[in-house]
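Q: Can you read through this structure? Questions will come right after.
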Ligand SMILES: Cc1cc2nc3c(=O)[nH]c(=O)nc-3n(C[C@H](O)[C@H](O)[C@H](O)COP(=O)(O)O)c2cc1C
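Residue numbers (my numbering): 992 to 1316.
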């Protein structure tokens, strides 16, 4: 059975979870068009202001098609973990049958998901992480390459495929995909599906500020750099004049605090609070010159802000039979 059949979708195209850009209308639009929208729970609750179950109901009111959910399983605080476990239970209760786990050990997600017949795919950048996740029983991998938005990997799409294809699990390519040619290239390599992020930020349905979407349209591949200054670990952003001015590395104090587990979590929490506050402010009053524009190298294939439907037409047109699963 193909992955599209397993997931109940028409096209092997996922809109990856994006904190803070995964607004419910975007998730729903992707699923409505025959792809799979992935809910980012922290984004749904803390950025877009929905109580978790009510947010899922809202998405459900926009489409009856399948959706997925992102679970960042990194050990954080006890409160974070119990909240995330509760959200996974609610998602399963509400019929979500696909989970994308990231960081940490996804064993508890697998246990809960498999009990309800759901699938768990783990985000990986290297074989060593894939082997660890495999021990937890995951069903497949989201292979995050060196062109991805968010926290990019270091290997190319091909290198990652070659290092993981012997594991006998379906692989989904993430990073650098924004055109039909990119999609076909990933499928031709052997990937079962593709996951896009940046392309969907520059969509009408995404509620990110217009300046952010326009910056994606105007940026070229060479404008993408990684900076530690947003989350403490390298994150792909557009090199704006502000990024060029302040640099892309953290200062000695942050570097010191990042060495220890407890202070690392506290610092990440503070970085996250800061980035959510900046994003919320920008949604209401526009972006400031000091804001970061997260994007991957797929900006090279994005020349217009389009509706999700038009993005799907571009990605899947001619000949449709070669993509529809
Ligand atoms: C703004 C932004 C936020 C992201 N946030 C998350 C996240 O919260 N969880 C996650 O697993 N991946 C996250 N990602 C990664 C995406 O889900 C996806 O794998 C990636 O964007 C694919 O690369 P592309 O942007 O070149 O299409 C994020 C990506 C972007 C661009």
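We treat Cβ as the ideally placed atom computed from N, Cα and C, and that holds for glycine.
Okay, do the stretch 1174 to 1187 and the stretch 1198 to 1215 touch, 3+ Cβ pairs below 8 Å being the bar?
A: Taking 8 Å as the limit for Cβ pairs, the verdict is that the stretch 1198 to 1215 does not touch the stretch 1174 to 1187.
Q: Judging by CA-CA distance, which residue of 1096, 1029, 1133, 1120 is the nearest neighbour of residue 1082?
A: As a working note, residue 1082 is residue 91 in the chain shown. Out of 1096, 1029, 1133, 1120, 1029 has the C-alpha closest to the C-alpha of residue 1082.
Q: Tell me residue 1131's beta-bridge partners as DSSP assigns them.
A: Within the chain shown, the letter at position 140 stands for residue 1131. According to DSSP, residue 1131 bridges with 1112.
Q: Determine the extent of the alpha helix (DSSP H) in which residue 1218 is found, giving its start and end residues.
A: The residue you call residue 1218 lines up with position 227 of the chain shown. Premise fails: residue 1218 lies in the beta strand (DSSP E), 1215 to 1218, not in any alpha helix (DSSP H).
Q: When every heavy atom of ligand 1 is checked, does at least one fall within less than 7 Å of the C-beta of residue 1012?
A: For the purposes of this step, residue 1012 is taken as the residue at position 21 of the chain shown. The answer is yes for residue 1012.
Q: Roughly how many angstroms separate the alpha carbons of residue 1162 and residue 1103, rounded to a whole number?
A: Sequence index remark: in the chain shown, residue 1162 carries index 171 (1-based). Sequence index remark: in the chain shown, residue 1103 carries index 112 (1-based). Going from the Cα of residue 1162 to the Cα of residue 1103 covers about 22 Å.
Q: Would you report the Cα separation of residue 1054 and residue 1235, rounded to the nearest angstrom?
A: On the chain shown, residue 1054 is found 63 positions in, with the first residue counted as 1. On the chain shown, residue 1235 is found 244 positions in, with the first residue counted as 1. Roughly 42 Å between the two C-alpha positions.
Q: Could you tell me whether the stretch 1278 to 1297 touches the stretch 1202 to 1221, using the rule of 3 or more Cβ pairs below 8 Å?
A: Judged by Cβ distances under 8 Å, the stretch 1278 to 1297 makes contact with the stretch 1202 to 1221, as three or more pairs qualify.
Q: Mark residue 1295 as exposed unless 16 or more other C-beta atoms lie within 10 angstroms of its C-beta, in which case mark it buried.
A: Counted from its first residue, the chain shown places residue 1295 at position 304. Classification of residue 1295: exposed, given that the 10 Å Cβ count is below 16.
Q: Quick one, which of 1099, 1003, 1222, 997 has its alpha-carbon nearest residue 1171's?
A: Start at 1 with the first residue of the chain shown, and residue 1171 comes out as number 180. Selected option, being the one with the closest Cα: 1003.
Q: Thinking C-alpha only, which one of 1256, 1203, 1109, 1093 is nearest residue 1124?
A: For the purposes of this step, residue 1124 is identified with residue 133 of the chain shown, where counting begins at 1. Looking at the Cα atoms, 1093 is the closest of the given residues.
Q: Could you tell me the alpha carbon to alpha carbon distance between residue 1085 and residue 1244, rounded to whole angstroms?
A: Start at 1 with the first residue of the chain shown, and residue 1085 comes out as number 94. Start at 1 with the first residue of the chain shown, and residue 1244 comes out as number 253. Their Cα atoms are separated by approximately 44 Å.
Q: Any idea what DSSP makes of residue 1046, helix, strand or coil?
A: Start at 1 with the first residue of the chain shown, and residue 1046 comes out as number 55. Helix, per DSSP.
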